[in-house]
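Numbering (this note's numbering), first residue to last: 61 to 317. Encoded as structure tokens, the structure appears first; notes follow it.
Following this line, the structure appears as structure tokens:
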């Protein structure tokens, strides 16, 4: 007696089933990766009015995510992290023209100085405490004697002039390391934070920040709290120093040769 599958090509059916499953998986993953960054915005020079681009497949249904430590919830996809009214304008009127800043790009957060609208709250440890804090508030941490202690060192800008003096270092409690240098300036009651990645601590008891000039230390974004830094403030501070690599001087925007 012949079996029920005698006249059915089981291998071909399984192949078709796999194709259908795989196509559905690709569609699902493609929709899920649109929870951030979408909808896109078309080139404003290409059309007379602003046009949003969602692409194919469409955006997924908004999903609510619960944040840790009782920080609330976020909805994705959402446009809450978008920055409106950027200080930019097209260099030319044709489609695809590059955008150029209309103000101070380092302060306005343009190009390499750009930042995302992250949560305006501190990053937290697993225990729920602020993760990045000044050394003066973290008695369990210290700078090893084998490493140069930057506290008290003068800080110079790319022009070789004094920008301030290191008053303290801010450490990461979760990954014990220095994240920022707290720099005090003359006649300025509020210090600034310099990301340690932009600071070169020399053997001559001095710190050099080559990304910005000494006069530009005054415009570094400040923290609202003297002993805490929020995620948004971190993005803005790091963006400012990153933007200086291009915008600190006019010569940095010219060809290398």
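Quick reminder that beta carbons are idealized off the backbone N, C-alpha and C, glycines included.
In the DSSP assignment, residue 75 falls within the alpha helix (DSSP H) that extends over 70-92. In the three-state reduction of the DSSP assignment, residue 100 falls in the strand class, which pools E and B.
By the Cβ-count criterion, residue 241 is buried, with 16 or more other Cβ atoms from all chains shown falling within 10 Å of its own Cβ. When the Cα atoms are used, residue 74 and residue 117 turn out to be separated by approximately 26 Å. In this structure, the beta-carbon distance from residue 274 to residue 258 does not fall below 8 Å. A check of alpha carbon separations from residue 187 across 172, 128, 239 identifies 128 as the nearest. Counting every other CB atom within 10 Å of its CB across the protein chains shown gives residue 149 a total below 16, marking it as exposed. Under the three-state reduction of DSSP output, residue 240 falls in the strand class. By the neighbour-count definition (other C-beta atoms within 10 Å, threshold 16), residue 253 is a buried residue. About 4 Å separates the Cβ atoms of residue 175 and residue 295, confirming a contact at the 8 Å cut-off.
Per DSSP, reduced to three states, the secondary structure at residue 301 is helical. Between residue 134 and residue 125, the C-beta gap is smaller than 8 Å, which places the two residues in contact.
The C-beta of residue 96 has fewer than 16 other C-beta atoms within 10 Å across all chains shown, which makes the residue exposed. With a cut-off of 8 Å on Cβ pairs, the region 165-181 is in contact with the region 291-309, counting three or more such pairs. Looking at the backbone, the Cα of residue 313 and that of residue 281 are separated by about 23 Å. The Cβ atoms of residue 210 and residue 193 do not sit closer than 8 Å to each other.
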